[in-house]
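A quick write-up on the structure given underneath.
Residue numbers (this note's numbering), protein chains in the order written: chain A, 1 to 468; chain B, 469 to 669.
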């Protein structure tokens with residue numbers, strides 16, 4: 001047999017039909033659904049009189065547009081449009097008989113945190129969701145990517161996707177990370193090197209010692225932002241860390257099935273002589289804690305750097321950088337650590353897991369947030385929230401002056417009332433610093449949870465290593 | 469789905485790189501549970517001020533570009549979120565074709581599901597088409613999907629590539645789900661096989 005990459009192996013195991021021109025029907029093992037990109041798809045099914053093909057493989061949870069404030073079980077405490085979208089998902093889940101975690105359920109949370117937490121996401125699976133950050137599940141060695149609403153309807157109706165195969169890219173992070181450097185710094189640094197279109201047409205496999213050393217939480221952070229690098233998906237081969245995380249989860253296999261699954265999972269790695277269309281290598285020791293300065297995730301620099309000038313770039317990026325600097329209200333040459341922050345947001349599918357909250361709490365413990373600072377922690381799921389409360393992290397945040405919210409996407413995409421106001425400047429652990437992303441004319445700097453926590457204390461973008 | 473054959477119309481220039489889906493349709497408009505009516509909010513934060521007044525110098529607000537059917541844009545168009553509201557808004561505005569040096573993957577797929585033709589071309593060719601688009605309403609560009617050719621207002625012709633299956637679906641206005649359901653036997657036999665090989669799934 002010819003040598004294969006991990007992506008090749010998962011792909012081959014899921015092709016239900018291949019046409020002469022290479023167009024495939026790829027079978028979908030898990031379809032995750034949320035309230036914002038699904039209503040039109042369910043409506044399409046109704047109009048055509050079609051059922052959901054595999055309701056047992058379909059899991060729904062409202063997350064994007066739900067409030068993160070208490071009392072939200074009562075629709076009267078939601079904005080009207082949120083209540084409509086949540087009610088539509090309630091109804092669609094019931095009518096079509098799919099798995100569902102309503103807002104009142106302790107297991108509710110961001111779909112990409114709930115899936116792994118409940119053991120829905122397993123190595124070697126194909127996972128899709130009408131959300132670009134589906135790439136998160138690649139951390140388990142699952143082929144996972146975002147789809148549009150027409151494709152959501154297609155998967156609901158047929159449990160397959162029409163796909164052509166992507167190319168293989170290997171991103172290797174060698175050696176060890178330095179203190180204060182996290183998974184978020186890895187993934188942002190990779191995008192800084194490849195650009196936001198660098199991964200277009202590829203599935204990325206992340207490997208190397210620094211990746212192997214990461215927990216599952218860290219691996220999810222890395223894969224989550226594969227989409228920000230333009231890739232269809234990000235993957236990390238499963239290993240003991242993966243199996244240990246998965247074992248015992250509510251929907252993970254048990255007994256003899258666990259043993260059978262494990263036997264297959266252990267074959268899921270890229271063969272030594274597999275073909276790579278592109279290879280990117282970064283030394284772990286060269287990665288610093290980073291922050292973004294512009295309005296694209298590729299606009300990233302070590303925290304010790306200064307704001308660049310448009311002339312530092314080439315081609316269309318010169319004008320884009322000029323526009324970004326104006327939007328962000330920054331001057332070339334200004335030190336990143338001199339940038340004053342109004343708001344800190346800790347949460348999202350990128351950094352809303354327990355390890356992220358622990359890292360932030362370690363910086364905050366025993367301190368107070370800067371006077372006038374607005375700071376919030378939005379746990380990624382009800383179970384993360386509960387665990388953080390049990391570990392005393394919630395008290396650490398509350399005593400420091402943070403708001404302690406209920407689970408949801410919140411200010412990452414700011415569909416709910418958690419938004420920045422005009423020119424409000426935010427250090428965020430989320431994934432996109434696009435214009436208007438966190439609120440009209442709001443200014444976003446993407447950082448790790450520890451860096452966000454440090455900014456909340458000092459009131460400026462801060463090198464977390466100075467506080468360790 | 470609407471068929472796409474040939475369009476001859478006004479092309480608008482948007483040379484900015486990394487035009488993301490939050491720019492194309494800000495999240496505030498994702499609260500709808502319908503597909504229609506989003507054209508008025510296409511590029512909303514670039515197109516209107518906070519009071520809802522049009523921003524004069526934004527390209528689609530200029531008199532010569534109000535009837536735009538083709539968009540010529542910078543690299544990595546449509547990056548960001550998977551929201552299909554982005555192509556829905558583009559289509560609802562009346563734009564049927566976007567030309568750029570590259571497109572983000574999910575947006576690119578979403579276009580074909582909605583009768584929109586995204587055409588990736590080398591930067592230097594996009595630069596020429598951008599210049600043509602800058603001429604405004606009197607300069608009509610033609611996009612012929614059957615022949616796979618773009619013709620500028622000066623008669624200069626640029627051939628383009630398109631996946632044969634997607635071309636077929638666009639030309640015929642075919643519904644993907646119907647096509648896939650014709651292969652339901654293949655799906656059923658895959659499911660039987662997979663249930664034996666990986667019963668834990």
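Every residue gets a Cβ at the ideal spot worked out from N, C-alpha and C, and that includes glycine.
Any C-beta of chain A under 8 Å from that of residue 484 (chain B): At least one beta carbon of chain A lies nearer than 8 Å to the beta carbon of residue 484 (chain B).
The ligand MN heavy atom lying under 7 Å from the CB of residue 318 (chain A): The model on display carries no ligand, and the ligand MN is accordingly not part of it.
As assigned by DSSP and simplified to three states, the class of residue 2 (chain A): Here residue 2 (chain A) sits in coil by DSSP.
Cross-chain neighbours of residue 649 (chain B) in chain A, by beta carbon under 7 Å: Around residue 649 (chain B), the beta-carbon contacts reaching into chain A at under 7 Å are 158.
Proximity winner among B:522, B:547, B:475 and B:523, relative to residue 295 (chain A) (alpha-carbon distances): Measuring from the Cα of residue 295 (chain A), the nearest candidate turns out to be B:547.
Interface residues of the segment 411-438 of chain A facing chain B [CB-CB below 9 Å]: Going along the segment 411-438 of chain A in chain order, one finds 413, 414, 415, 422, 432, 434, 435, 436 and 437 with a Cβ nearer than 9 Å to chain B.
Chain-ordered chain A contacts of residue 669 (chain B) [CB-CB under 7 Å]: Within chain A, the residues near residue 669 (chain B) are 29 and 125.
Rounded Cβ spacing between residue 202 (chain A) and residue 165 (chain A) (contact assumed at less than 8 Å): Contact between residue 202 (chain A) and residue 165 (chain A) is absent: CB atoms are separated by about 11 Å, not below the 8 Å threshold.
Supposed close pair residue 28 (chain A), residue 126 (chain A) - CB separation, criterion 8 Å: Right, the Cβ-Cβ distance comes to about 5 Å (below 8 Å), so this counts as a contact.
8 Å contact criterion, which residue 463 (chain A) and residue 289 (chain A) should meet: CB distance rounded: Contact between residue 463 (chain A) and residue 289 (chain A) is confirmed by a C-beta separation of about 6 Å, below the 8 Å threshold.
Complete runs of the alpha helix (DSSP H) confined to the segment 558-645 of chain B [at least 4 residues]: For the segment 558-645 of chain B, whole alpha helix (DSSP H) runs of length 4 or above, ordered along the chain, are 573-580, 591-601 and 632-640.
Status (buried if at least 16 other CB within 10 Å, exposed otherwise) for residue 448 (chain A): Burial check for residue 448 (chain A): the Cβ neighbour count within 10 Å reaches 16 or more, so the residue is buried.
Neighbour flag for residue 404 (chain A) against chain D, beta carbons, 8 Å: Absence of chain D from the displayed structure is noted, the protein chains being A and B.
8 Å Cβ cutoff, residue 440 (chain A) in contact with chain B: Closer than 8 Å: yes.
CB-CB length for residue 477 (chain A) against residue 401 (chain A), believed under 8 Å: This structure does not reach residue 477 (chain A), given that chain A is present from 1 up to 468, and the question cannot be answered.
Uninterrupted alpha helix (DSSP H) stretches inside the segment 485-542 of chain B (no shorter than 4 residues): Given a length threshold of 4 residues, each whole run of the alpha helix (DSSP H) inside the segment 485-542 of chain B is given here in chain order: 489-492 and 512-515.
Inter-residue spacing [alpha-carbon to alpha-carbon] between residue 388 (chain A) and residue 378 (chain A): Spanning the alpha carbons of residue 388 (chain A) and residue 378 (chain A) requires a straight line of approximately 11 Å.
Segments assigned alpha helix (DSSP H), at least 4 residues, entirely inside the segment 308-341 of chain A: Complete alpha helix (DSSP H) runs here, min 4: 316-328.
Residues near residue 571 (chain B) by beta carbon distance below 7 Å, same chain, minus five either side: The beta carbon of residue 571 (chain B) lies closer than 7 Å to those of 545, 546, 586 and 588 in the same chain, with the five residues before and after it left out.
Within chain B, the residues that residue 317 (chain A) reaches when beta carbons sit closer than 8 Å: Proximity of chain B to residue 317 (chain A) at the Cβ level (cut-off 8 Å) is accounted for by 485, in chain order.
Inter-residue CB distance, residue 199 (chain A) and residue 231 (chain A) (contact presumed, cutoff 8 Å): Taking a contact as a CB-CB distance under 8 Å, the pair residue 199 (chain A) and residue 231 (chain A) counts as one, their CB atoms being some 3 Å apart.
Segment limits, alpha helix (DSSP H) that includes residue 114 (chain A): DSSP places residue 114 (chain A) in the uninterrupted alpha helix (DSSP H) bounded by 111-117.
The segment 278-288 of chain A in contact with the segment 135-153 of chain A per 3-pair CB rule at 8 Å: Contact fails: fewer than three Cβ-Cβ distances are below 8 Å.
Beta-carbon spacing of residue 225 (chain A), residue 350 (chain A) below 8 Å: Cβ distance < 8 Å, so residue 225 (chain A) and residue 350 (chain A) count as in contact.
Distance, residue 418 (chain A) Cα to residue 79 (chain A) Cα: Going by the C-alpha atoms only, they are around 12 Å apart.
Interface flag, residue 598 (chain B) vs chain A, CB-CB below 8 Å: Residue 598 (chain B) has a beta carbon lying at 8 Å or more from every beta carbon in chain A.
Coil, strand or helix - residue 99 (chain A) by DSSP: In this structure, residue 99 (chain A) counts as strand in the three-state DSSP scheme.
C-beta neighbour in chain B for residue 121 (chain A), strict 8 Å: No, because no Cβ of chain B sits closer than 8 Å to the Cβ of residue 121 (chain A).
Pair within 8 Å by beta-carbon distance, residue 316 (chain A) and residue 488 (chain B): No, they are not a contact pair.
Same chain only: Cβ atoms within 7 Å of residue 485 (chain B), ignoring 5 sequence neighbours per side: The answer, listed in chain order, is 542, 543 and 544.
Own chain partners of residue 106 (chain A) with C-beta closer than 6 Å, once the 5 adjacent residues on each side are dropped: Within the same chain, residue 106 (chain A) has close Cβ partners 382.
For residue 215 (chain A), the three-state DSSP class (helix, strand or coil): Three-state DSSP puts residue 215 (chain A) in coil, outside helix and strand.
Those residues which DSSP pairs with residue 545 (chain B) across a bridge: In DSSP, residue 545 (chain B) forms a bridge with B:571.
Simplified DSSP state of residue 189 (chain A), which is helix, strand or coil: Helix.
CA nearest to the CA of residue 204 (chain A), picked from A:242, A:252 and A:275: Looking at the Cα atoms, A:275 is the closest of the given residues.
Contacting residues, own chain, Cβ-Cβ under 6 Å from residue 158 (chain A) (five flanking each side not counted): Contacts found: 53.
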